[in-house]
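Inspection log for the structure reproduced underneath, given as structure tokens.
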Amino acid sequence: MESCSSEGGTVVMSAVTKRFGSFAALKGIGLSVDRGEKIVICGPSGSGKSTLIRCINRIEKHDGGSIVVEGCLLDHRLTNIDKVRREVGMVFQSFNLFPHMTVLENCMLAPMLVRGLKAAEAEDVAISYLRRVRIADQAAKYPSQLSGGQQQRVAIARAMCMKPKIMLLDEPTSALDPEMVKEVLNTMIELAGDGMTMICVTHEMGFARQVADRVIFMDEGAIVEEGAPEQFFRQPKTQRARDFLSQVLH
Amino acid sequence: MTMDWLSGYGLQLIFGAVTMLSVALVALVVGTVLGISLGTAKIYGAKPLRYSAEAYTAVVRGVPDLIVIYLIYFGGTVALTKITGQYVDINGFAAGVAALAFIFAAYAGDIFRGAIGQVPRGQTEAAHALGLSPRAAFFRIILPQAWRLALPGFGNLAIILIKQTSLISVIGLEELLRASSVISGATRQPFLVYSVAAILYLIITSIVSWGFRNAGIRSNRGFA
Ligand SMILES: Nc1ncnc2c1ncn2[C@@H]1O[C@H](COP(=O)(O)OP(=O)(O)O)[C@@H](O)[C@H]1O
Ligand SMILES: [Mg+2]
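Chains P and C, in that order, give the protein sequences.
Sequence positions in the first sequence follow the numbering used here and run -1 to 248.
Sequence positions in the second sequence follow the numbering used here and run 193 to 416.
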């Protein structure tokens, strides 16, 4: 049973389409991401950014084209979905921490259930990542007892505890109060320094400038423009990108 | 008279109460498992399963509880007699538990369906993104949160279940109500006997209410 090979890019999407009823949310996405590459996706609200990254770990099911992640073709085969999800971490705009578990339990659950770690090993891993996001002292608390910025850092640690090869982040700072954006961005910048492959939807252009290898601009379900951040911010090629940038850069 | 109460009748009432509690407890456990299954089938099930679950609820809700109890008792007797080839008088305890569990499940199913539906979709997404199997996502993430939301309604159902055990006196099981009616016949003091029975019911339902309130407080841990 052939399933995953280890050739080509770490994420390769070709001609990917996705509809919600009669509405086309993705209209033929082609995107190839190299190992270790940092990609920032931006674009107006409703342009399909979330849909695109959610297709990469099959939280959303695409209708056409193909998606290969870490050599695994994402199709109806459940085994591939499991393999892909083990290698891909995700951070959501609304954190989605498990409210009935402590911070530590949030971080230990998947390594134990999915990777088969023993409780003591999972706890070591969890504590080490919680330390890295500087929140180990809150390990015994419940998510609701933390600020938004702290919760999002826990969410990042929780994803990291699975030691994923690829990290997907969907507007990780959009739901935060302004004073908490920085602590989360700093955590993300550190994450980027690890050599992890990152695909991040964000309108934080400072972060994009500092971290991204490539910026992708989407509009109406398509990739309209892509390039190195320097070039994209200084000289956007399309009018749509210029309009968008003039809005987000004030 | 006092001696009679202490030796015979009092003991008979206590035994009635114990029988009642045993029926209620077993019916609660069976009915909860069945209720969660029904609720889950209604939300996640494929069409045939979903429709079967809806039909089940509609039937059990639409038929008086006493008739459900009779149908299961006599239906069970007929079925067992057919199967074994000789007349079998079905065990009153088993029939009572089954009937009450089936009734309980019909209502509990909808409480769980509502509660599961109230758990934000992001929770399932986060569980899937972490690689949890659908089964693990349900039992470790969704159900514990749904449980908290279901608890108040579920507690009410449990209280109703305790009182419904009095219905199974009709199939000859000597639970609290039947014991009371036997004793009141013997002593010719129905008011006294039924008052004592009422107090016993009240004590038990109060304890159970209190237990559910505590469980509710505990389940709210972590929720602001
Ligand atoms: N589950 C859904 N059902 C119907 N329409 C959806 C759903 N998810 C997204 N959409 C639509 O698809 C489009 C793209 O959504 P999304 O990918 O979330 O955009 P973005 O993240 O760029 O704001 C939007 O118009 C949105 O309304
Ligand atoms: Mg979005």
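Beta carbons are placed, not taken as given, at the ideal position from N, Cα and C, and that holds for glycine.
Item	Value
Buried or exposed by the 16-neighbour rule on C-beta atoms within 10 Å, applied to Leu76 of chain P	exposed
N- and C-terminal bounds of the alpha helix (DSSP H) containing Ala160 of chain P	Here residue 160 of chain P turns out to be Met, not Ala, going by the sequence shown. Run containing Met160 of chain P: none; DSSP gives neither H nor E here.
beta-carbon Ser48 of chain P near ligand 2 non-hydrogen atom, thresh 7 Å	yes
Residue of C:Gln315, C:Leu217, C:Ile363 and C:Ser361 minimising C-alpha distance to Ala267 of chain P	Chain P is shown from -1 up to 248; residue 267 of chain P falls before or after that span and cannot be answered.
Heavy atom of ligand 1 within 7 Å of Phe215 of chain P beta-carbon	no
Asp217 of chain P - containing beta strand (DSSP E), residue span	Arg212 to Asp217
Beta-carbon proximity check, Ala124 of chain P vs Cys105 of chain P, cutoff 8 Å	yes
Inter-residue Cα distance where the pair is Ala108 of chain P and Met160 of chain P	7 Å
heavy atom of ligand 1 below 7 Å from Phe90 of chain P C-beta	no
Alpha carbon of Thr8 of chain P to alpha carbon of Tyr236 of chain C, nearest angstrom	33 Å
Short CB-CB distance (under 8 Å) between Ile409 of chain C and chain P	no
beta-carbon Gly28 of chain P near ligand 1 non-hydrogen atom, thresh 7 Å	no
Contiguous alpha helix (DSSP H) assignments of at least 4 residues, all confined to the segment 228 to 315 of chain C	239 to 254, 257 to 276 and 284 to 310
Continuous beta strand (DSSP E) assignments of at least 3 residues falling wholly in the segment 127 to 158 of chain P	none
Close beta carbons around Thr185 of chain P, own chain, < 6 Å, minus the five adjacent residues each side	Val131, Arg151 and Ile154
Top-ranked residue by Cα proximity to Gly19 of chain P, from P:Ile54, P:Gly193, P:His60 and P:Ile51	P:His60
Burial state of Met(-1) of chain P (16 or more Cβ within 10 Å)	With a pLDDT of only 44 at Met(-1) of chain P, under 50, the local geometry of the prediction cannot be trusted, and the value read off the model is given with reservation. That one is exposed.
Proximity test, Ala23 of chain P beta-carbon vs ligand 1 heavy atom, cut-off 7 Å	yes
Length of the line joining the Cα atoms of Val251 of chain C and Val67 of chain P	49 Å
Per-residue DSSP class, three states only, for Ala173 of chain P	coil
Ligand 1 heavy atom lying under 7 Å from the CB of Ser43 of chain P	yes
Residue range of the unbroken alpha helix (DSSP H) whose run includes Ser373 of chain C	Leu368 to Thr379
Outcome for Pro234 of chain P when other beta-carbon atoms lying within 10 angstroms are tallied against a minimum of 16	buried
First and last residue of the uninterrupted alpha helix (DSSP H) at Gly204 of chain P	Met203 to Val209
Three-state secondary structure assigned by DSSP to Glu35 of chain P	coil
Extent of the continuous beta strand (DSSP E) to which Glu103 of chain P belongs	Where Glu103 of chain P is concerned, there is no enclosing beta strand (DSSP E), although the alpha helix (DSSP H) it sits in stretches over Val101 to Leu111.
Buried versus exposed call for Ser244 of chain P [16 or more other C-beta atoms within 10 Å across all chains shown]	exposed
Inter-residue CB distance, Met165 of chain P and Gly87 of chain P (contact presumed, cutoff 8 Å)	5 Å
Glu223 of chain P (DSSP reduced to helix, strand or coil)	strand
Chain-ordered chain P contacts of Pro336 of chain C [CB-CB under 8 Å]	His98
Neighbour-count burial assignment, Lys274 of chain C, 16 or more Cβ in a 10 Å radius	exposed
Ala389 of chain C versus C:Leu369, C:Phe330 and C:Arg380, residue with shortest Cα-Cα distance	C:Leu369
Separation of Arg212 of chain P from Glu224 of chain P, as counted between CA atoms	7 Å
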